[in-house]
Amino acid sequence: MVTKPDCLFCKIIAGEIPSAKVYEDDQCFAFNDITPQAPTHILIVPRQHIDSLDKAEGMDRDVLGSLLLAAAEIAREKGFADAGYRVVVNTNADGGQTVFHLHVHLLAGRPFVFPPG
Ligand code: 5GP
Ligand code: ZN
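FYI, the numbering for the sequence shown is 10 to 126, going by the working numbering.
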């Protein structure tokens, strides 16, 4: 498993930095965002370190699929799938990415506008 020693999310996955875990499987780990932007704001990250969606490659196809399937499973488990939710992958500077370990934001509990700001 590729990890990066100085990466915040690698440290969270390893349990070196505490987090409120909501889900895990063999490829993904999910925890509550520390600065929630909605009543539910969960981050779903691959266990392996990938800097961003921009750095994902063909060999990451399976893990990319697992991230979205994990989002859908969490939404059903937590009971907000029918009401609806949003998944977001901020990528690089203009995308608003601040943590460079690929992650999917799973947001729910209020309506969202489109396009986002
Ligand atoms: P980005 O801006 O890269 O798309 O998203 C990074 C997210 O990580 C932000 O929503 C931010 O609140 C969250 N975050 C940053 N540091 C921590 C932390 O130490 N713990 C948790 N749980 N979330 C964090
Ligand atoms: Zn990492």
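Note that CB positions come from ideal geometry on N, CA and C, so glycine has one too. Here the structure is a predicted model, which is why all the values come from computation and not from measurement.
Residue i - containing beta strand (DSSP E), residue span
{"i": "Leu115", "result": "113 to 117"}
{"i": "Leu52", "result": "49 to 55"}
{"i": "Phe38", "result": "37 to 41"}
Which of helix, strand or coil DSSP assigns to residue i
{"i": "Gly31", "result": "Checking the sequence, you will find Val at residue 31 rather than Gly. In the structure shown, Val31 sits in a strand (DSSP, three-state: E or B)."}
{"i": "Val97", "result": "strand"}
{"i": "Lys20", "result": "helix"}
{"i": "Lys64", "result": "helix"}
{"i": "Ala92", "result": "coil"}
{"i": "Gly126", "result": "coil"}
{"i": "Gly105", "result": "coil"}
Boundaries of the alpha helix (DSSP H) in which residue i is found, first to last residue
{"i": "Ile83", "result": "70 to 87"}
Proximal residues to residue i (C-beta, below 6 Å), its chain only, five neighbours per side dropped
{"i": "Pro27", "result": "none"}
Same chain, Cβ closer than 7 Å to residue i, neighbours up to 5 away in sequence not counted
{"i": "His58", "result": "Val11, Thr12, Lys13, Cys16, Cys19, His110"}
{"i": "His112", "result": "Phe18, Leu52, Ile53, Val54"}
{"i": "Ala29", "result": "Phe40, Asn41"}
Sequence-distant residues of the same chain with beta carbon closer than 8 Å to residue i, five excluded per side
{"i": "Arg119", "result": "Ala47, Pro48"}
Taking 8 Å as the cut-off, does the stretch 16 to 27 touch the stretch 62 to 75 (at least 3 CB pairs, one atom from each stretch)? no
Inset, instruction - Closer than 7 Å is what we want: which residues have a beta carbon that near any heavy atom of the ligand ZN? List them in chain order. - result: Thr12, Lys13, Cys16, Phe18, Cys19, His58, His110
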